[in-house]
Amino acid sequence: MTTALSRNWEHAVVTGGAGFVGSHLCAALLDAGAAVTCVDDFSTGRPENIAPLLEQPGFTLVQADVAEELRIKRPPDLVLHFASPASPADYLRLPLHTLETGSLGTRNALELAHSCGARFVLASTSEVYGDPLQNPQDERYWGNVNPVGPRSVYDEAKRFGEALTTAHADAQGTDTCIVRLFNTYGPRMRGHDGRAVPTFVRQALAGEPLTVTGDGRQTRSLCYVDDTVRGILAAAAHGMRGPVNIGNPTEITMLDLARLVVELAECSSEIRYIERPVDDPAVRCPDITLARDKLGWDPQVRAEEGLRRTIAWFREAGTEE
């Protein structure tokens with residue numbers, strides 16, 4: 001199924017636009033004919049992610065911390081708030097920055113959208129469901145989150161961002177949308193960011209053992225970045241408030257993922273089991289009925305193909321930071 005919904009944006013602001021998903025969003029919007037202002041402080045985003053865009057007409061880079069200020073010269077008609085450390089390695093290293101970006105940064109992005117009459121899209125996450133007691137997770141599920149655990153700086157920043165976005169829409173009439181992203185992967189991920197796909201790919205290409213946490217039976221649902229970007233832009237164009245899950249409803253265990261990466265990378269790496277992180281979710285799988293029914297959206301790229309593309313990108317780009 002392909003997404004039939006579209007909208008011609010004139011000027012989009014993408015916070016966190018030099019990050020993994022943000023940079024793909026910037027490129028997709030430019031390809032669709034929109035002018036794009038990328039805002040990033042490069043705390044986790046990388047200049048090389050947007051280097052090919054710098055010479056394109058209509059692309060502007062603003063280096064700034066969205067929690068401190070968000071000054072944009074040209075009024076946007078779309079604001080996509082994607083600024084936030086998103087990997088465990090990053091939000092554990094930058095706990096206060098993560099919370100400030102999710103709170104003050106979300107407020108600043110909302111105020112920009114409201115003042116310009118722009119559509120606002122918040123990048124939330126499946127982490128708002130915590131270690132879920134319901135599987136798959138639909139948007140009505142309230143979650144099972146530890147508010148003081150090691151993952152809480154990210155989980156609660158996103159949950160607060162959702163609450164603030166909802167309150168802004170109710171109190172100020174801001175045109176908002178919340179998208180909850182599930183386990184997106186693909187080119188431009190960082191090899192040492194702590195997430196499973198880049199970690200396994202980096203280890204496989206280096207001939208190292210693949211480190212599977214716990215017994216490897218915990219599941220994730222992998223959505224290739226091109227599919228995620230299509231879903232985000234479909235939600236933006238639709239006018240829905242959400243929240244709406246954007247992810248792949250096909251689960252895979254971490255052990256099976258590791259074995260698949262070894263196979264696709266054509267390496268001889270072994271599997272090594274390590275301690276499982278605190279509050280690591282046992283399952284993660286989206287119910288995407290809402291996205292299918294309202295947006296006509298479904299992920300198109302199968303895990304094998306997406307991982308082949310990702311491995312090929314890492315072979316060419318390298319696996320170091």
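Anchor point for the sequence shown: position 179 equals 179 in the UniProt record's numbering, and the numbering is continuous, going up by one each time. Glycine included, C-beta positions come from ideal geometry on N, C-alpha and C.
Does the distance from the C-beta atom of G216 to that of T250 stay below 7 Å?
Here residue 216 is taken as the residue at index 216 of the sequence shown, counted from 1. Here residue 250 is taken as the residue at index 250 of the sequence shown, counted from 1. No, they are not a contact pair.
Could you round the C-beta distance between F182 and N248 to whole angstroms and report it? I think they count as a contact, below 8 Å.
Locating residue 182 in the sequence shown gives position 182, counting from the first residue. Locating residue 248 in the sequence shown gives position 248, counting from the first residue. Between N248 and F182 the Cβ distance is about 7 Å, and since that is below 8 Å, they are a contact.
For F82, three-class secondary structure by DSSP
Translated into the one-based positions of the sequence shown, residue 82 becomes position 82. Residue state, collapsed to three classes: coil.
When DSSP builds the beta bridges, which residues end up paired with Q137?
As a working note, residue 137 is residue 137 in the sequence shown. P286.
Take Q63 as the anchor and find which of V39, A51, R71, V13 has the nearest alpha-carbon.
As a working mapping, residue 63 is identified with position 63 in the sequence shown. Cα-wise, what sits closest to Q63 is V39.
Specify the secondary structure class of M1 as computed by DSSP and reduced to three states.
Working through the sequence shown from its first residue, we reach residue 1 at position 1. Model confidence at M1 stands at a pLDDT of 37, short of 50, so the residue's coordinates are unreliable and nothing is read from them.
Here's a check: name, in chain order, each residue in its chain whose Cβ is nearer than 6 Å to the Cβ of R151, leaving out the five neighbours to either side.
Here residue 151 refers to the residue found at position 151 when the sequence shown is read from its first residue. If we look at R151 and ignore the five residues flanking it on each side, its Cβ neighbours are D279.
Would you mind sorting G306 into buried or exposed? The rule is 16 or more other CB atoms within 10 Å of its CB.
Residue mapping note: residue 306 aligns to position 306 of the sequence shown, counting from 1. Residue burial annotation: G306 is buried, with at least 16 other C-beta atoms found within 10 angstroms of its C-beta.
Assuming V66 and A109 form a contact by the criterion Cβ under 8 Å, report the distance between their Cβ atoms to the nearest whole angstrom.
Taking the first residue of the sequence shown as position 1, residue 66 is located at position 66. Taking the first residue of the sequence shown as position 1, residue 109 is located at position 109. About 6 Å separates the two Cβ atoms, so the contact holds.
Can you find the residues in the same chain that come closer than 8 Å, C-beta to C-beta, to D175, ignoring five residues on each side of it along the sequence?
Taking the first residue of the sequence shown as 1, we reach residue 175 at position 175. Same-chain partners within the cutoff: A113, G117, A118, R119, F120, A169, G239.
With H, G and I counted as helix, E and B as strand and the rest as coil, what does DSSP make of E305?
For this step, residue 305 is matched to residue 305 along the sequence shown. The answer is helix: DSSP assigns E305 an H, G or I state.
Write down the C-beta distance between V145 and G130 rounded to the nearest angstrom, noting that I regard them as a contact closer than 8 Å.
Sequence index remark: in the sequence shown, residue 145 carries index 145 (1-based). Sequence index remark: in the sequence shown, residue 130 carries index 130 (1-based). The pair is a contact, with the Cβ atoms about 3 Å apart (cut-off 8 Å).
Is G191 closer than 7 Å to R276 when the C-beta atoms are compared?
As a working note, residue 276 is residue 276 in the sequence shown. As a working note, residue 191 is residue 191 in the sequence shown. Contact flag unset, no.
With a CB to CB cut of under 7 Å and the five nearest residues on each side skipped, what residues in its chain are close to T3?
What you label residue 3 is simply residue 3 of the sequence shown in a count that begins at 1. Low confidence applies here, because T3 scores a pLDDT of 43, under 50, leaving its location unreliable; read the following figure in that light. So the qualifying residues of the chain are R230, A234, L295, G296, W297.
To test your reading of the DSSP string, which unbroken beta strand (DSSP E) runs of 3 or more residues are found completely within the region 197-238?
210-213, 219-221
Residues near D41 in its chain [Cβ-Cβ closer than 7 Å; skip 5 each side]
Locating residue 41 in the sequence shown gives position 41, counting from the first residue. If we look at D41 and ignore the five residues flanking it on each side, its Cβ neighbours are Q63, A64, D65.
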